[in-house]
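Inspection log for the structure reproduced underneath, given as structure tokens.
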Amino acid sequence: MGRKMDAALEEDVYDAVIIGSGPSGAITAHTLAMAGFRVICLEQGDYALPSDYAANHDMWELVARGHWQAEPNRRGNPADYPLNVSETDLAPSMYNAVGGSTIHYSALWSRLAPSDFRVRTLDGVADDWPISYDKLAPFYDEVDDFIGVSGVEGDTAYPEGLSPKLPPMPLGKLGLKAAGAMNELGWHWWPHANAIPSQKIGSLAACARWGTCIQGCPEGAKASFDMAYWPAAIKAGAKLVTGARVSRITTDESGAATGAAWISKGTRYHTRAKQVVVCANGIGTPRLLLLSASEQHPHGLANSSGLVGKNLMLHPNCTVIGYYDEDLESWRGPVGSVISSMQFFETDRSRGFVRGPKLHACPTPGLLFNGIDPHRLLPFDALWGANFHHVIRDARNAIFWGANIDDLPEESNRVTLDPDLCDGDGIPAPKISYRYSENTLKMRSYVMGKLAEIHKVAGAKKLVEIADLKGEPGHLLGTGRMGQDAKTSVVDEYGRAHDVPNLVISDGSIFVTGGAANPTSTIAALALRNAKQLIATLNEAN
Amino acid sequence: MVTVQQAHTNERLSVSMPRQAPPRNFTDLEMQTLRVVADTLIPAANGNPSGSGLAKFESLVTRAAAILDKHFATLTAILGELSAIPSEQMWDRLRELEAQDNETFYLLSTLLAGAYLYSDEMKAELQYPAPHRNPPGLFDAADELSTGILDPVIERGPIFVRVD
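Chains as they are written, first to last, in our numbering: chain D, 171 to 712; chain C, 12 to 175.
Now the structure itself:
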């Protein structure tokens, strides 16, 4: 970066500076740029390319472990910042790159249900969202159509009108097996909607079923947002600066945001903007807000409620893997999920907990991932010694039935700044304090039994039950919640900070409750809704 | 105007590619210890080779160690410790290691299991497909659904709670 560019960056006043280039940052950049606004996005990482991904390498499962770990502390790329995970039941996963954690998400594209927005009203716990499903539905639809979600219209778990743009991928032998068991039980299931296009759309290729979606798609056929949205955003005029680690959001004497201070290769910069949009998700966003304390905002930016960083929800996931005799072609992608089930997601108090889980059946590519590793939870000689040879053969035909647990908000589950731990630029790192709630544990125990029941009906010969699914909680939610009351929430229904007139938060932080759906779809819809409101705000100001 | 800046031109910030070789070669003693551990965890059975009974064992574990290069110091440290364990006591020592230092055991066993599964012999034996392009047929999904497999779900109707 030359001096001329340095000076230009410092002198410019953008209409908006976006912090973080994940799904919400990409959508915000695209939406504002398409409306003609000058927008810049600061991303601490850089691009991961389809040619980089593990599937391109021999011993791909080892490459995925060595260099594509889900947990940043284990991965340790230059773009990563450390997390203090000494006081959490789960170590969160995330990816710091253009596209954010969609680099290694599995692209399960499910929506919150109408009742998820009314948890206080229906169940007497947590809080209602300040918006409804109906308000968000058009934004869900618009994002779905843009990225090319594959699926089948008419899912009976949702209101009418949910109609994925692209046809579904085949269920395959595995999906048909799973669906048959659900029919036998009389339980809801539906072909899972995935952000994995079945046909070429925009900058994405059609899925060729490599089966390595979580470790990155070498085909360029997964809607990671570096692929799905950024090319269009840049074409529309958005500026994306990689290698730019934001250290604080700057404010003036009135407390309004003035821009973002950032560091690149040890050099400090400041980018000025009329609006600041934070898109760093449920851990990065509260970290940055807390780092941005000032005389006007002594407890952290937008934190007069004291709720910045609190109510962290991690969606603890669990699974029961079943091994079968017949050939299920479990190596075949996408992963992605073949079918979902919302049979248990609405509250039934007779179960002893409120809210409920979402279930999904997935293929299980990789003999290490789905043969060796699950068996590590069993006694030593169930995997090693003579049984090793049985394990690697059994792994060929497995179904991963997993569940997302609706993790209700609790203020004790939170993100704070660690007093000692810092990232590579000397910026304090986040500390994660998170413990399972009683409701979470009861729900998990219940659904584990249901997952095992499905496998038994389907004829599985062996089950491995995994209550704590490592590397899975990439769902980082709730640490800057939405609400109508500035005393009990951080932002309003459009992500606008109650305390700061020109600060918007547009990521998983603003979730009021976690729901059981994989959250990226909702994060994306909220970001689009917030960005369209921001257009109106900028137009009014101009 | 299209503008993409990459502040770091020489360093990948978000991707660390696997090395072609580990930080150093295994010593003879380390390689011998790897053989003993491999044969303990994966004994020969039913015509399948043991963990070290692969034609290219040394190159396979070296390749695996290169991929797992971030943990090479941990790996060589445990090999140093295990080199003093007689082979007939190795099973018990490894079981103890798994219980007491799971991360180190995970690393060691993953390296050896990975080398084994990605050997020519076991690829040929298992015929387990490596990731590859296998796009579906145009009508595969439609053919599945046209069997009526979804009909019972549709017939039961909506299952969600309606709210105002």
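Glycine included, each C-beta is placed from N, C-alpha and C at the ideal position.
- A straight line joining the alpha-carbon of Cys-488(D) with that of Asn-557(D) spans about 25 Å.
- With fewer than 16 other CB atoms across the displayed protein chains lying within 10 angstroms of its CB, Ser-98(C) is exposed.
- Nearest CB-CB separation between Phe-171(C) and chain D: below the 8 Å threshold.
- A residue is called buried once 16 or more other Cβ atoms fall within 10 Å of its Cβ, and Arg-605(D), having fewer, is exposed.
- Counting only residues of its own chain and dropping the five nearest sequence neighbours on each side, Thr-421(D) has a CB closer than 8 Å to the CB of Ala-427, Thr-428, Ser-462, Ser-464, Gln-466, His-467, Leu-471 and Val-670.
- Under the three-state reduction of DSSP, His-530(D) is assigned to strand.
- Excluding its 5 nearest sequence neighbours in each direction, Leu-553(D) has C-beta neighbours in its own chain below 8 Å: Ile-542, His-545, Arg-546 and Val-561, listed in chain order.
- Within a 10 Å sphere around the beta-carbon of Pro-284(D) sit 16 or more other beta-carbons, which makes this residue buried.
- Excluding sequence positions up to five before and after Gln-654(D), its CB lies within less than 8 Å of the CB of Pro-300, Asp-662 and Glu-663, all in the same chain and listed in chain order.
- Shortest Cα-Cα distance from Leu-86(C) to any of Pro-146(C), Leu-45(C), Ala-55(C) and Phe-171(C) involves Leu-45(C).
- Under the 10 Å beta carbon count, Arg-519(D) is surrounded by fewer than 16 other beta carbons and is classified as exposed.
- DSSP, reduced to helix, strand and coil, places Glu-499(D) outside both helices and strands of the structure shown, so it counts as coil.
- The beta carbon of His-274(D) is closer than 7 Å to those of Trp-238, Ala-240, Tyr-265, Ile-384, Gln-385 and Gly-386 in its chain, skipping five residues each way along the sequence.
- For a cut-off of 8 Å, the C-beta gap from Tyr-310(D) to Arg-281(D) is around 6 Å, short enough to register as a contact.
- Inter-residue distance for Val-660(D) and Arg-106(C) is about 50 Å (C-alpha atoms, whole angstroms).
- For Glu-231(D), the closest Cβ of chain C is nearer than 8 Å.
- Taking Ala-637(D) as the centre and dropping the five residues before and after it, the same chain places the C-beta of Cys-488, Arg-614 and Met-618 closer than 7 Å to its C-beta, in chain order.
- Listed as beta-bridge partners of Val-674(D) by DSSP are Val-447(D) and Arg-666(D).
- Here the C-alpha atom of Asn-567(D) lies approximately 11 Å from the C-alpha atom of Lys-631(D).
- Cβ atoms of Val-319(D) and Lys-335(D) come within 8 Å of each other, at about 6 Å.
- Below 8 Å, enough C-beta pairs join the region 667 to 681 of chain D and the region 643 to 651 of chain D to call them touching: three or more.
- Lys-612(D) carries a helical assignment under DSSP once its states are collapsed to helix, strand and coil.
- Under the criterion of beta carbons closer than 8 Å, Leu-578(D) and Ala-296(D) qualify as touching, at roughly 5 Å.
- Looking at the DSSP output, Arg-442(D) shares a beta bridge with Val-183(D) and Gly-429(D).
- By the CB criterion at 8 Å, Leu-202(D) and Ala-186(D) fall inside the cutoff.
- Counting only Cβ-Cβ distances below 8 Å, Met-652(D) has no contacts in chain C at all, with the closest Cβ about 17 Å away.
- With a threshold of 16 other beta carbon atoms within 10 Å, Val-26(C) meets it and is buried.
- Taking 7 Å as the Cβ-Cβ cut-off, the region 35 to 69 of chain C approaches chain D at Leu-52, Ile-53, Pro-54, Ala-56, Asn-57 and Asn-59, given in chain order.
- Between Gly-479(D) and Arg-584(D) a beta carbon distance of about 5 Å is seen, short of the 8 Å cut, so the two are scored as contacting.
- Between Ser-475(D) and the set Gly-555(D), Thr-658(D) and Lys-305(D), the nearest pair of CA atoms involves Thr-658(D).
- Gly-381(D) and Ala-701(D) have their alpha carbons spaced roughly 34 Å apart.
- Secondary-structure assignment with DSSP links Asn-254(D) through a beta bridge to Lys-601(D).
- About 5 Å separates the beta carbon of Val-627(D) from that of Glu-354(D), a gap short enough to meet the 8 Å contact definition.
- Val-174(C) and Gly-425(D) have their alpha carbons spaced roughly 39 Å apart.
- Taking CB atoms only, Ala-135(C) has no neighbour in chain D less than 8 Å away.
- Counting C-beta pairs with one atom in each stretch, the region 71 to 81 of chain C and the region 29 to 48 of chain C have three or more that are closer than 8 Å, which means they touch.
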